[in-house]
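A.B. asks: Chains as they are written, first to last, in the numbering used here: chain A, 305 to 416; chain B, 347 to 461.
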């Protein structure tokens, strides 16, 4: 099956700085890449996603980039705020199978 | 609108006891259904995946099983729990396939502690 690797495992930034989380995937047939935010003790919730026919997508302070050739995608959060502190997961979904394989997660700490 | 219900929220079970976690989805038909496990401080591991009634795909060999007796009902079971089965169990659903697949929507999770 698909193998998704995510780095870093923890990330600490000062409020207002940018944060970048990177993921790689192994299956070239994967075509959908969602990002989830999980607050402590709660369910993961989608924050942004990107499909393989797009190279970049932006939603306010959050953006995602995809490099299909290199099989990696990244989450960018600008002007970080304390409420951005959470665990972030990347995922990859394979064409025609619709299984979601998740990275190991990044714990983001935004210091006020 | 679509909703997903998962229960119980927390569960403490002795080693060797059986397990049954239930998940139901409302507001959609023929969803893809998933069971994930999240160990403390770890990522989300896909356990089971189902595209329809009675169709279950197991991702990893383990002490657990899954069943889908109805279109929008997904059950995670074990005959005898192990200490290593402790974790946060999440049910999820999505619709579509290939280029039209949606994201996965998660239930609130069940925190299982095996003692």
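A virtual CB, placed ideally from N, CA and C, is assigned to each residue, including glycine.
#1: In chain A, which residues lie with their C-beta within 8 Å of the C-beta of residue 389 (chain B)?
#2: Do you know how far the Cα of residue 438 (chain B) is from the Cα of residue 373 (chain B)?
#3: Going by the beta-carbon positions, is the gap between residue 339 (chain A) and residue 353 (chain A) smaller than 8 Å?
#4: With residue 353 (chain A) as the anchor, note down where its beta strand (DSSP E) starts and where it stops.
#5: Could you run through the region 351-369 of chain A and flag, in chain order, every residue whose CB is less than 9 Å away from some CB of chain B?
#6: Can you tell me whether DSSP reads residue 429 (chain B) as helix, strand or coil?
#7: For residue 421 (chain B), which of B:407, B:408, B:436, B:388 has the nearest alpha-carbon?
#8: Can you find the residues in the same chain that come closer than 7 Å, C-beta to C-beta, to residue 323 (chain A), ignoring five residues on each side of it along the sequence?
#9: Determine, for residue 452 (chain B), whether the minimum Cβ-Cβ distance to residues of chain A falls below 8 Å.
#10: Whole angstroms is fine: what's the gap from residue 453 (chain B)'s alpha carbon to residue 383 (chain B)'s?
#11: Quick one: is residue 371 (chain B) buried, meaning 16 or more other Cβ sit within 10 Å of its Cβ, or exposed?
#12: Out of B:357, B:428, B:404, which has the shortest C-alpha to C-alpha gap to residue 395 (chain B)?
#13: In whole angstroms, what is the alpha-carbon distance linking residue 412 (chain B) and residue 312 (chain A)?
#14: Please name the residue, chosen from B:376, B:450, B:431, that lies closest to residue 456 (chain B) on a Cα-to-Cα basis.
#15: Using 8 Å as the threshold, is the C-beta distance between residue 407 (chain A) and residue 389 (chain B) below it?
#16: Applying the criterion that 16 or more other CB atoms from any shown protein chain within 10 Å of the CB defines a buried residue, is residue 308 (chain A) buried or exposed?
#17: Using 10 angstroms around the beta-carbon of residue 352 (chain B), count the other beta-carbons present and answer buried if the total reaches 16, otherwise exposed.
#18: Determine whether the Cβ of residue 392 (chain B) lies closer than 8 Å to any Cβ atom of chain A.
#19: Using three-state DSSP, classify residue 417 (chain B) as helix, strand or coil.
#20: How would you label residue 450 (chain B), buried or exposed, when you count the other beta carbons within 10 angstroms and need 16 or more for buried?
#21: Determine whether the Cβ of residue 405 (chain B) lies closer than 8 Å to any Cβ atom of chain A.
C.D. replies: So, from the data block:
#1: Simply 310, 393, 406, 407, 408, 409.
#2: In a straight line, the C-alpha of residue 373 (chain B) is about 14 Å away from that of residue 438 (chain B).
#3: For residue 339 (chain A) and residue 353 (chain A), yes; Cβs fall inside 8 Å.
#4: Here the beta strand (DSSP E) through residue 353 (chain A) covers 349-355.
#5: Answer set for the region 351-369 of chain A: 353, 355, 356, 357.
#6: Judged by DSSP in its simplified three-state form, residue 429 (chain B) adopts helix.
#7: The option with the nearest alpha carbon to residue 421 (chain B) is B:436.
#8: 315, 317, 381, 384, 412.
#9: Yes, residue 452 (chain B) counts as interfacial toward chain A.
#10: Their Cα atoms are separated by approximately 12 Å.
#11: The residue in question, residue 371 (chain B), is buried, as its Cβ has 16 or more Cβ neighbours within 10 Å.
#12: Between residue 395 (chain B) and the set B:357, B:428, B:404, the nearest pair of CA atoms involves B:404.
#13: Cα-Cα distance, rounded: 33 Å.
#14: Residue B:431 holds the alpha-carbon nearest to the alpha-carbon of residue 456 (chain B) among B:376, B:450, B:431.
#15: Yes, the pair counts as a contact, with Cβ atoms nearer than the cut-off.
#16: So residue 308 (chain A) ends up on the buried side.
#17: By the C-beta density criterion, residue 352 (chain B) is buried, having at least 16 other C-beta atoms within 10 angstroms.
#18: Yes, residue 392 (chain B) lies at the interface with chain A (some Cβ there is under 8 Å from its Cβ).
#19: For residue 417 (chain B), the three-state secondary structure derived from DSSP is coil.
#20: Flag for residue 450 (chain B) reads buried.
#21: Chain A has a Cβ within less than 8 Å of the Cβ of residue 405 (chain B).
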